[in-house]
Structures are given as C-alpha cells and as structure tokens.
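Undergrad: Chains A and B supply the protein sequences, listed in that same order. Read in the working numbering, the first sequence has 294 at position 294, and its numbers run on one by one without any break. Read in the working numbering, the second sequence has 1127 at position 127, and its numbers run on one by one without any break. All C-beta atoms in this analysis are idealised placements derived from N, C-alpha and C, irrespective of residue type, glycine included.
Protein chains: 2
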Amino acid sequence: MADRTVEQALEAADTQLGASLERLLSFVRIPSISTDSRHRGDCRRAAEWLAGELASLGLDSAVRDTPGHPMVVAHDPAGVAGPRVLFYGHYDVQPVDPLELWDHPPFEPRIVDAGDDKHITGRGASDDKGALLTFIEACRAWKSVHGHLPASISFLFEGEEESGSPSLVPFLEANRDELSRDVVFVCDTDMWDDQTPAITTLLRGHLFEEVTLEAADRDLHSGMFGNAVRNAVELLCDILGELRGPDGAIAIPGFYDGVQPLAPEIAALWKSIPFDEAGFLARVGASVPAGEAGRSVMEQLWARPSFDICGISGGYEGEGFKAVLPAKASAKVSFRLVPGQDPDRLRTLFRQFVTERLPADCRASFSSFGASRATAIAPDGPFIGPALETLTEEWGRQAALAGTGGSIPIVGHFKRILGMDSVMVGFARFDNRVHSPNEKYDLSSFHHGIRSWVRVLGRLDEMARSQAERRSSPTEAR
Amino acid sequence: MADRTVEQALEAADTQLGASLERLLSFVRIPSISTDSRHRGDCRRAAEWLAGELASLGLDSAVRDTPGHPMVVAHDPAGVAGPRVLFYGHYDVQPVDPLELWDHPPFEPRIVDAGDDKHITGRGASDDKGALLTFIEACRAWKSVHGHLPASISFLFEGEEESGSPSLVPFLEANRDELSRDVVFVCDTDMWDDQTPAITTLLRGHLFEEVTLEAADRDLHSGMFGNAVRNAVELLCDILGELRGPDGAIAIPGFYDGVQPLAPEIAALWKSIPFDEAGFLARVGASVPAGEAGRSVMEQLWARPSFDICGISGGYEGEGFKAVLPAKASAKVSFRLVPGQDPDRLRTLFRQFVTERLPADCRASFSSFGASRATAIAPDGPFIGPALETLTEEWGRQAALAGTGGSIPIVGHFKRILGMDSVMVGFARFDNRVHSPNEKYDLSSFHHGIRSWVRVLGRLDEMARSQAERRSSPTEAR
Chain A
1 MADRTVEQAL EAADTQLGAS LERLLSFVRI PSISTDSRHR GDCRRAAEWL
51 AGELASLGLD SAVRDTPGHP MVVAHDPAGV AGPRVLFYGH YDVQPVDPLE
101 LWDHPPFEPR IVDAGDDKHI TGRGASDDKG ALLTFIEACR AWKSVHGHLP
151 ASISFLFEGE EESGSPSLVP FLEANRDELS RDVVFVCDTD MWDDQTPAIT
201 TLLRGHLFEE VTLEAADRDL HSGMFGNAVR NAVELLCDIL GELRGPDGAI
251 AIPGFYDGVQ PLAPEIAALW KSIPFDEAGF LARVGASVPA GEAGRSVMEQ
301 LWARPSFDIC GISGGYEGEG FKAVLPAKAS AKVSFRLVPG QDPDRLRTLF
351 RQFVTERLPA DCRASFSSFG ASRATAIAPD GPFIGPALET LTEEWGRQAA
401 LAGTGGSIPI VGHFKRILGM DSVMVGFARF DNRVHSPNEK YDLSSFHHGI
451 RSWVRVLGRL DEMARSQAER RSSPTEAR
Chain B
1001 MADRTVEQAL EAADTQLGAS LERLLSFVRI PSISTDSRHR GDCRRAAEWL
1051 AGELASLGLD SAVRDTPGHP MVVAHDPAGV AGPRVLFYGH YDVQPVDPLE
1101 LWDHPPFEPR IVDAGDDKHI TGRGASDDKG ALLTFIEACR AWKSVHGHLP
1151 ASISFLFEGE EESGSPSLVP FLEANRDELS RDVVFVCDTD MWDDQTPAIT
1201 TLLRGHLFEE VTLEAADRDL HSGMFGNAVR NAVELLCDIL GELRGPDGAI
1251 AIPGFYDGVQ PLAPEIAALW KSIPFDEAGF LARVGASVPA GEAGRSVMEQ
1301 LWARPSFDIC GISGGYEGEG FKAVLPAKAS AKVSFRLVPG QDPDRLRTLF
1351 RQFVTERLPA DCRASFSSFG ASRATAIAPD GPFIGPALET LTEEWGRQAA
1401 LAGTGGSIPI VGHFKRILGM DSVMVGFARF DNRVHSPNEK YDLSSFHHGI
1451 RSWVRVLGRL DEMARSQAER RSSPTEAR
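1. Can you list, in chain order, the stretches of the beta strand (DSSP E) that have 3 or more residues and sit fully within the stretch 1154-1220 of chain B?
2. On the three-state DSSP scale, how would you describe B/LEU1059?
3. Using a C-beta cutoff of 8 angstroms, does A/PHE321 count as contacting chain B?
4. Considering only residues of the stretch 1251-1316 of chain B, which uninterrupted beta strand (DSSP E) runs meet the minimum length of 3 residues and lie entirely inside it, listed in chain order?
5. Relative to the C-alpha of A/ASP461, which residue among A/PRO386, A/THR375, A/PRO166 is closest?
6. Since B/LEU1179 and B/LEU1418 should fall inside the 8 angstroms C-beta cutoff, what is the C-beta to C-beta distance between them, to a whole number of angstroms?
7. Should A/ASP42 be flagged as near chain B, meaning a C-beta pair shorter than 8 angstroms?
8. Return no unless some Cβ of chain A is closer than 8 angstroms to the Cβ of B/ASP1177.
9. At what residues does the beta strand (DSSP E) containing B/LEU1337 begin and finish?
10. Measuring alpha carbon to alpha carbon, tell me which residue in A/VAL96, A/GLU234, A/GLY396, A/LEU10 is nearest A/SER330.
11. Closer than 8 angstroms, CB to CB, is B/VAL1233 near chain A or not?
12. Considering only C-alpha positions, which residue in the set B/VAL1028, B/HIS1069, B/ALA1378, B/PRO1261 is nearest to B/SER1163?
13. Using the three-state DSSP reduction, which class does A/VAL96 fall into: helix, strand or coil?
14. Please report the residue range of the alpha helix (DSSP H) in which A/GLY130 lies.
15. Within the chosen definition, does the stretch 426-445 of chain A reach the stretch 115-128 of chain A through at least 3 CB pairs nearer than 8 angstroms?
16. According to the neighbour-count rule (16 or more other Cβ atoms, all chains shown, within 10 Å of its Cβ), is A/GLN341 buried or exposed?
17. Inspect the beta-carbon positions of A/CYS43 and A/GLY223 and report whether they are closer than 8 angstroms.
18. Helix, strand or coil for A/HIS413? Go by DSSP, reduced to three states.
19. Note down, in chain order, each residue of its chain lying with its Cβ closer than 7 angstroms to the Cβ of B/PRO1554, except the 5 sequence neighbours on either side.
20. Report the rounded CA-to-CA distance for A/PRO343 versus A/GLN260, giving the unit in angstroms.
21. How long is the line joining the alpha carbons of B/ALA975 and B/PRO1326, rounded to whole angstroms?
22. If you check the beta carbons only, do A/PHE307 and A/PHE335 fall under 8 angstroms apart?
23. Would you please verify whether the beta carbon of B/LEU1213 is less than 8 angstroms from any beta carbon of chain A?
24. Indicate the three-state DSSP secondary structure (helix, strand or coil) for B/PHE1369 in the structure shown.
25. Which chain A residues sit within Cβ distance under 9 angstroms of B/GLU1292?
26. In chain order, what residues of the stretch 305-318 of chain A put their CB closer than 7 angstroms to some CB of chain B?
27. Which residues in the same chain have their Cβ closer than 7 angstroms to the Cβ of B/ALA1062, if we skip the five residues on either side of it in sequence?
28. Tell me, please, which residues DSSP counts as bridged to A/MET463.
29. Identify whether B/LEU1086 lies in helix, strand or coil by the three-state DSSP scheme.
30. To which residues of the same chain is A/ARG218 closer than 8 angstroms at the C-beta, ignoring the five residues directly before and after it?
31. Between the alpha carbons of B/LEU1021 and B/SER1472, how many angstroms are there, rounded?
32. Closer than 8 angstroms, CB to CB, is B/MET1191 near chain A or not?
33. Going along chain A in order, which residues have a C-beta closer than 7 angstroms to the C-beta of B/ALA1216?
34. Could you check what DSSP says for B/LEU1358 in three-state terms: helix, strand or coil?
35. Buried or exposed: where does A/GLN398 fall if 16 or more other Cβ atoms within 10 Å of its Cβ makes it buried?
Here you go:
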C-alpha cells in the first residue's frame, strides 16, 4: 500500500517513461564492448554519458580512471539522513558476433511495438544498460516530485563486468571508506518467470580459462605427416572430451569436493513454485536437459557447478578445405562454481588435468580470464524483506527468492571488501537473449522496473523517517 | 651413360638456369589459391602464364574453361614419332594462413643464398610450381639444342589440385582421345631423403569431410544455461575425441576392413634403405611417433590409413573472453586411405559414427570436399625402370621406389579414365614446408630436377629411335 509520497513519484515515472526510453536508446547506441580493445574509446564515452545523467540528478558525479576502463562514482551532496545505500551496475556490454544473426545493427537500437510484445532491441538493452537505468530513472522520478532523494544514495558503475572486472577489487580496496554503505542494490538478474519478480540470493562463482596446446613446430601437410605426428586439434578434442564423464558429471578428480547436496528446505521451496522445465528448454530449441543425469534443470543451473567450452579454434577455418595437420589449438573454457568450491584450487586441478594428459612433444599454456567464489546471501537481512514486499505490490503476485547460474562476482567483493550484503533485484526475462544476437528488454521490464524501484525508494524514505523519529525521541527508541 | 645428345642438352640446362629461376619467381608471384574465391582471377592469370610458356616452346597451347578454374593443355604440332607422353602438374597453391608466421610475404618469392643452403621461398615454390617447371625447363633446354622435342609430349595442367580437383574427371572424360597416351609423368612428390631421388609407386587415397553440429537454436549465456543445455563445441570434441582408440587406431567400426598387412617384401625393402625416423620427426619438432602403436613411421605414412582434424571452429574465438554456450561448431577432417578401402563406404561409416552419437535436440550436417582411392603402381612397367636409371645417373646414388602419405587422386583418374600408368618423379625435400608457412624449394632440387628430366628425355629419344629402326627393318623386328 503505497502512501501518497510514493504514488506521486509513480505518476511521475509513468509520465516521464517516453523520455526515459529515449535515454536508454542513447545509452545503447554507444558500443561499449569492454573485451575488445578497439572499443576502448566507446567505453569511456559510455562512462561519460552515465556521469552526465547522474550530474543531471544533482549528484556529484565523476569518471574515475583505472588501469582498465573507468569507473563512474556519484554521491548526493545533500547528505540526506536515513539508510546508506550504494547502487551498482555496469555500462560495458558483450561482443556482438555472430553479427550476421542480428536482425538489425546491434548498436542501432529500436523500439518494437507489436501488440502485446513491446520491447527495445540492441546489445546491452537488457544487460545491463536497461537494467541499471531502471534505478536511475526511479531516482529521477522521485526527485522530480520531492526535490531530493529519500535516503543517502551513492552510485558505482564499472565498465569491465563482461571481461572479468580486473580493476574493481583494487578500486574498492582503494576507496573502502568512500564506498562502504549499509547495503548495495544490484540490478543485473532475472525474473522468476515473465510475470513473477525475484530477488536473487544464490549466485554461482566462476573460473574462466584459456588453454593452448602446441604439438609440431609448424602446421604440416596431413598426407605427408598424418598419423605419425601429433595433431594439436585432435589432442585438444581428446582432452576436453574427457572432461565430462558418461553420467554428465565433470570428471576432474576432486572437482566436487566441498559441494553440499541441495538443502531439503530449498529443494522443497523450488518444488513448490511451478517451474516450466519443458518451456524453459523449448525457448532455446531444446527438449531434453543435458548435464548431470537425474538432476532438475533448476538444481543444475543454480546449485551445481558446470563446465562449458565457450570457444575453440585451430587449423584451417576458412572457406573450402586445407589438408593441414595443425600444430596449435586453443579453447576458452568456463566453469561455474557453487558454495564450497575454491576457484584457485580448481584452476590448479583443471591445469593438472590437461597437463597430465599431454603426450610427448606437446606443450600446454594457460591464461586466466578471472575467477570468483559462489555466494549465498542470507534472506533475512533488513533490506530483503521490504524489497520482496514492494516487488509483490508492483507486480501483483508473490515475489520469489531465486538463484542464478550466472556469476556476479562483485557480490562477493562487496561482502569481503566493503562488508555489505547485496540485494539483487532484476527484471530480465529468460528470453532477453542476453549475450546472444538480438538481445532485447521488454518495455514492461523497463516500466515496472522503474516503478518497482520507486516503491523501494518509498521504503527507504519510511526507514529514514522512522530513524529520524527515533533520534528525536531517544528514550522510546531504547 | 649419357650420350652426346643428352650431354649437349644438360649443358644448355646449366647455362639457362638463371633464366629458368627468373621464370619460377614470376610464376610464384601469382597468388593462385584455388580454394579461395577471391583468387579466381589470379588462378586464371597463372593458367595464362603457363600457356604462354608452353607457346614459347613452339607448342599449340590453350587455356580451356571448366566450371571451376581453367585447364591448360598443350600439344606438339611437330608430331614427332616415339613414345606418347603426357606431363601433368597443377598451377594452384594452398592458402597462406597463418600469414604472421611467414618471414616475408608468401607471394613475393626470394632466392636465399646462404652458403650450402640455397633455396627459393614462397607459396608454391615447391608444390607444384617449382616442380612442374623442372620438366618444362628440361624441354626448353632440349629443344634449344636439338630444335624439337624427343618424343610426342603433351601437357595438362589443372588449377584445382589443392581443392579437390572437381573439374578434372569431367575434363578427362570429355577429352579422352585427346589426352590418352602411353604414360603420364607427374612431378609432385618427394625425394627419399635429401640426397636420394625416388619414384613413388604407392599413394594413399583421401576423404575430406566437414561436419557441423548444432544444438540450441542460438548462442546462450554459459552461466544462465550452462549444464542444462547441450554445448555444441563440447559435443564435437566428445565425438571427435572418440574417433581414435587408446592404441592410436581409428575407432570407426569397419574402418580397417580390406586393409592388407604390409607385404613382407616391401617391409624388407623399406628396412634395407636407411630411414632416419628420429631425424624425420626432429625436423618438425617431434621426438616420438604418434598414431598407431607398434608401427614404424614409414609404414604409418605410406601403408596405413590416417585421420586428422584439419580445422575446428566454434563459439567465441576473438580477443579476451566471452562466456557463451555455443549453439554451433564445425570441423574439417581428413582421412588418408590405403588400397582395399572404398572412400564412399568410409564416408558413410564416418557420418554414421557421428550421427549415432548425437544426443537429443542435436543435429549434424556434412559437406564433402573430395575423395579418392589409394593407388599402387606396378614397378615393372616400361617407363619406371629407365626413369630409375636416369635418376641414379643424375644424383649419383641408387634411386628408390617409395610411397607417399599425401593423396594424388589424379593417378587413379589417369588409370581409370585414360588407361595410363603414372610415373611419379619428385624432387621435393621433407623440409620444403609444403602447405605450411615459409614453403621453399632448394635450388639443387630445381637444378638437378631439370637435369634429371633432360636425362629422361634422352631415354625417350632412344626409345623413339629404336622404334624408328624397328619400323625401317620390319623383318628383324618380328
């Protein structure tokens, strides 16, 4: 039951929706692909664009250099009382290949209005530009009505989330006092289903590695040398093919050490909320779950570690045929981790698994593209409950507590370095094609997302007022 | 024992060597990569260049169109008596990637003169531009001294040898009478070792296939879907990883049906000629033979079928890391075959091997890039013996009868369509880096190659004279 303060801000958010959308389009037009050094200037442009938006809210905002892409940090100079909140998001986006599968250029976003299906398409429309703007636009609506933000709200945006966040930890460590708050809100996750909002409390960790194998000292003719000299691509296939056993489990010895079985309460909770496994698979063209035999899709995605080959390359990949015996091959692999697994230990185990299988004359080299532990957020902290209630109000159905298969390593960093729990609220749908061609964000996600955050701001306003009352009647508060 | 006729032509070949080399440099400068459609015009240019060279020898030469790259055909209008010989070569070359491994641009050939090591570098310097020119330059030397060629010699050059020769069979079939001769000389093979020339009588066949696997209907986020949805690259690695058993043998059921054990005479012959296995492997940076356990390198390369992955591709292969779960992956694979194996049957077996291993929701598609049966040439034909003798004379050591691991499918076509045996004489060394960066051809290969062919022309001249004598004394001949 929103009070008048909240209702006024919700009306403002509705009125300003068109302008909010225009800002999202401008933001998506900046091709801020962090992993590709050709887009370094675009990443800075995206940071500057965001800093400008925050300045237009009356905040002290700045683009702060790092050894990689810059951070954007903003604080409210008004120094409002009440809960101290940090909002986090990322302005960088994934690469766009294969480009030919996009229906239109990925950085020329469009609003598609086809009856019930209204959405904005473009790289980053959902992950994370659309998502992070829901919070900024909620602040804008609130401030346009009330003249100030309802609590002490600061902002932190990075530009390296899609490439392992190498600058984030040093930045948090160097600015510990400035950035430590009571809680951090993160908007980079999914809904439970298209109608049911969710707060994510279980996050898998990750370990991203690249392995390169070398055999002969140069590419050879497959007829002149085939059979007698080792083929690097074949060797790579052999070794990667052994990484998963016939039961679908990852075959690295010791990989599952420390992994806890799914707690019976969680298993029961997940069973009680209808999850359409067949529908989930059908959305991506599948009908039978892969992975570990005998485990549900939900358990596999949220509570079990996984292994994927994200890319492989070697030999002649062009048009036609080249009868070559490749001397070199490489693969990028991703492990997703659950609580109890140590990414540094698993990196060692993975590299051992490969090197132990190298025959004579062959060499392996490795590169790391980042790693993080899994995180489980306690669902009974002071902010999760109120956030769940406001989501339930806005969407008209019970909001869920969910897990996510994707890694959000910053959540671990915020806890470890700044001592803050994260409240992860997200409005992305399963079919947003995040990281894929034709990424989209539904207008209902954007609109209800902004309105959801307005309601959360209302709760922060209540908390601030109740703190102020307690301060003015100290005897009652004790 | 060369008579004066031969000695004069040898002297001419020596005198003209500088000009011969200049012609080779001009030829290598034409980037006639047949498998790459961007080089279609260059292939025609190479054909026209060759036709011009043949015309300069007084031959009727023509560039003849095919649905692919053109053929070059030339005949001697003088209509000399004697053995009727066809010479075959190919003017197309392999692709040049990885370009960054070349010491200089592959189509800007250079003559490197470093003491004992004199060679010409560039794509095609050896395979097959340098090799085929040894014969043309021998004819030029012979003709410059004697005014005409010593026998009825015709020429056939194709431009699709490196991409499966799709136009050759129809062309041979359509021009059967024009091209049928007593024998065909082919210059596209190796020496036995750096000092020992060889005639190749055993050739492996080939089967080139591309397989593409598809799983989900688009690339996905490895965190959001990893474990629960099939990864096309992982599936491809699993299946290709199963293609070879732990003993190094190819694991496709029925693959070795019809393969004969190495004949004891051949095994004894190969044992009698010193073959430096360790040196052979060391040249390419290896020390231990791969492939089938318990078989010599020579047997594996010449008398056993082989399997290679020539290229693999899937997912994100660019700079940095992309946490993608690839929906699609493909590989180009090469099988080398021995007598007794039917490529059409093996294609079916290979495709079955893959499709039988496809899990639910996954699809495989295949493309064929050509196939040929293996060939064994009878070593007691009328041309092999004289050719062996002339090679022995020129190089000063007993010439060998060898096999080759590479496929020369034209040899089978010449036998089947035109009824001709092939005499395969080659001057390439093992370290010519054929199909690899920094391909080279030794000046000694080029020079002794030309001189070897001059001696072969001398034998043809003798045969022509002896035929003429038999014709003028018919009673003696009977």
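TA: The short version:
1. 1183-1186, 1198-1214
2. Note: B/LEU1059 maps to coil in three-state DSSP.
3. yes
4. 1306-1315
5. A/PRO386
6. Indeed, because the Cβ distance is near 6 angstroms, the residues count as touching under 8 angstroms.
7. no
8. no
9. 1328-1337
10. The shortest Cα separation from A/SER330 among A/VAL96, A/GLU234, A/GLY396, A/LEU10 belongs to A/GLU234.
11. yes
12. B/SER1163 has its Cα closest to that of B/HIS1069, out of B/VAL1028, B/HIS1069, B/ALA1378, B/PRO1261.
13. coil
14. 129-146
15. Output reads yes: the stretch 115-128 of chain A touches the stretch 426-445 of chain A.
16. buried
17. no
18. helix
19. Residue 1554 of chain B is absent from the model: chain B starts at 1001 and stops at 1478.
20. 16 angstroms
21. Only positions 1001 to 1478 of chain B appear in the structure, and residue 975 of chain B is not among them; the question remains open.
22. yes
23. no
24. strand
25. ASN227
26. Cβ contacts with chain B come from SER306, ASP308, ILE309, CYS310, GLY311, ILE312, SER313, GLY314, GLY315, TYR316, GLU317, GLY318.
27. ALA1051, VAL1073
28. Partner(s): none; A/MET463 has no beta bridge.
29. strand
30. Counting only Cβ-Cβ distances below 8 angstroms, and skipping sequence neighbours, we find ALA327.
31. One C-alpha to the other measures close to 42 angstroms.
32. no
33. Those within 7 angstroms of B/ALA1216 in chain A are VAL284, GLY285, ALA286.
34. coil
35. exposed
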